[in-house]
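Residue numbers (my numbering): 131 to 394.
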């Protein structure tokens, strides 16, 4: 289960604070290590000092919560977080939404965009102004009948079992495919979760003319987390979100985690 070592990409702004709150909430639940990182560009002594100051702000926000604080030099924040995560063996990178996004929704900035297309670790993005509850509520997997999602069913079911929360599998019906086939595929995924873990997953088909409309009537519990599998086009052990999954991420009302291809 991810969350054994969480790295938060922190900046002293609303998105950075959202990521900090979410990352610390994850480790509170999993009992994992927490690392707070601020990335600064090379050859910029002033920005290196500012990065240290940002971490001091983060420490004030966290208070007594144990964490390691690291500044790291890199030409790009997303690249720096990914490289640093590999070096410290973190298994989850948490970032916030870009500024200017809609309240309660995810806005993809350059950092998240890089991570969602190249990270070798799982990536979690917090919606704007997200306040995590004290306990997890439910894990929902965005399901499409393909190998990456089928593999993710068992992984997410195991996580739900360990956390003691319900599991939901959700499929989008955008009125472009046979709904009967979508429901049959979903039923097979529910059976797969049962066979691998003994957990009885909920299932739901969200209907609409586009992703935003389909997800508009979906209920999200406090403490819910949406999980997406990497695209079939992803390189092994890398995150890569396809166009549809990116639309799902932007329309989600809760944090979204994307698993790398071949995640185990």
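For each residue, glycine too, the CB sits at the ideal point set by N, CA and C.
For residue i, which residues from the same chain have a beta carbon less than 7 Å from its beta carbon, with the 5 sequence-adjacent residues on both sides left out?
i	result
residue 236	227, 255, 257, 379, 380, 382, 386
residue 146	140, 226
residue 220	135, 136, 137, 165, 251
residue 351	267, 268
residue 177	170, 171
residue 118	Nothing can be reported for residue 118, as the shown portion of the chain is limited to 131 through 394.
Suppose you measure from the CA of residue i to the CA of residue j; what does that come to, to the nearest Å?
i	j	result
residue 202	residue 196	20 Å
residue 175	residue 143	21 Å
residue 292	residue 173	45 Å
residue 161	residue 234	27 Å
residue 242	residue 223	10 Å
residue 169	residue 312	43 Å
residue 179	residue 338	49 Å
residue 389	residue 272	12 Å
residue 280	residue 259	32 Å
residue 277	residue 286	14 Å
residue 171	residue 149	21 Å
residue 274	residue 190	42 Å
residue 341	residue 335	12 Å
residue 133	residue 218	13 Å
residue 208	residue 384	21 Å
residue 304	residue 343	9 Å
residue 185	residue 356	28 Å
residue 198	residue 210	16 Å
residue 264	residue 288	21 Å
residue 377	residue 238	11 Å
residue 373	residue 187	36 Å
residue 214	residue 333	37 Å
residue 358	residue 244	16 Å
residue 192	residue 200	15 Å
residue 194	residue 349	34 Å
residue 229	residue 253	19 Å
Under 6 Å Cβ to Cβ from residue i, same chain only, skipping five residues before and after it: list those, please.
i	result
residue 331	297, 299, 320, 323
residue 266	159, 293, 295, 353
residue 283	319, 322, 323
residue 301	273, 312, 316, 335
residue 163	135
residue 156	133, 136
Would you mind sorting residue i into buried or exposed? The rule is 16 or more other CB atoms within 10 Å of its CB.
i	result
residue 310	exposed
residue 318	exposed
residue 212	buried
residue 261	exposed
residue 154	buried
residue 205	exposed
residue 240	exposed
residue 151	buried
residue 364	Low local confidence applies: a pLDDT of 44 at residue 364 is under 50, so the model's placement there is unreliable, and no value is given.
residue 375	buried
residue 167	buried
residue 231	buried
residue 346	exposed
residue 181	buried
residue 183	exposed
For a test of the three-state rule: what should DSSP assign to residue i, helix, strand or coil?
i	result
residue 248	helix
residue 187	helix
residue 344	helix
residue 384	coil
residue 180	helix
residue 321	helix
residue 137	strand
residue 221	coil
residue 216	helix
Looking only at its own chain, which residues have a Cβ that is under 8 Å from the Cβ of residue i, when we skip the five neighbours before and after it?
i	result
residue 216	250, 251
residue 314	none
_With a threshold of 8 Å, are at least 3 pairs of Cβ atoms found where one atom belongs to the region 326–341 and the other to the region 295–303?_
yes
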